[in-house]
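**Student:** The structure under discussion is supplied below as structure tokens; questions concerning it will follow.
Residue numbers (my numbering): 476 to 649.
So, in structure tokens, the structure goes:
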């Protein structure tokens, strides 16, 4: 009803880890219920909505919420995960991390410390992050130089910058 009247879209996100994830999969496989039904039940169990009286005290379980849960039979789940990429990392940084980093930076400036940069320098990148950085920072020209150097090293011939640029032009325009 809210979607039709106000254009409101609900997003429910459920993350399960360790034992809860195991129990979820076990329940899914043993009952034969649809994943949509199980997720609906998880949401209903996790979120309790009550009606309140004029004093703000809970009176009873909300019938409106019950209607929302019951209408979730149309629930469509998307489980297609997005591979992390540079743009997603920047969006996450802007939306979630940047305010905290700014606060620490201001505190560093105020107290004459350098906590933020020292922690960034101490941070260890995961292998997948290092691979992504290598991909992002390696240009086609560098790849061609590297490939051509490897090819010509075995035959003891030196590749000139002009030859690399010609190879690049051929690669891009042929």
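Built from N, CA and C at the ideal position, the CB exists for glycine as well.
Treat the numbers as computed from the prediction; the structure is a model and nothing was measured.
1) So within the stretch 507-544, which uninterrupted beta strand (DSSP E) runs reach at least 3 residues, ignoring any that extend past its ends?
2) Apart from the five residues just before and just after residue 533, which ones in its own chain have a Cβ nearer than 8 Å to its Cβ?
3) Taking residue 609 as part of the alpha helix (DSSP H), name the residues at either end of that continuous run.
4) What's the C-alpha gap between residue 608 and residue 620?
5) Name the two residues that bound the continuous alpha helix (DSSP H) containing residue 442.
6) So, for residue 535: in the same chain, excluding its five sequence neighbours on each side, which residues have a beta-carbon less than 7 Å away from its beta-carbon?
7) The alpha helix (DSSP H) spanning residue 566 covers which residue range?
8) Alpha carbon to alpha carbon, what distance is there between residue 613 and residue 567?
9) Flag residue 543 as yes when its Cβ comes closer than 7 Å to any non-hydrogen atom of the ligand SAM, and as no otherwise.
10) Only counting the same chain, and skipping five residues up and downstream in sequence, which positions put a Cβ closer than 8 Å to that of residue 611?
**Tutor:** Put simply:
1) Runs of the beta strand (DSSP E) spanning 3 or more residues and lying entirely within the stretch 507-544 occur at 525-527 and 533-536, in chain order.
2) 525, 526 and 527
3) 602-612
4) 19 Å
5) This structure does not reach residue 442, given that the chain is present from 476 up to 649, and the question cannot be answered.
6) 525 and 526
7) Unbroken alpha helix (DSSP H) run through residue 566: 561-567.
8) The straight-line gap separating the alpha-carbon atoms of residue 567 and residue 613 is approximately 24 Å.
9) With respect to small molecules bound, the structure shown includes none, and the ligand SAM cannot be examined in it.
10) Once the five neighbours on either side are set aside, the close Cβ partners of residue 611 are 561.
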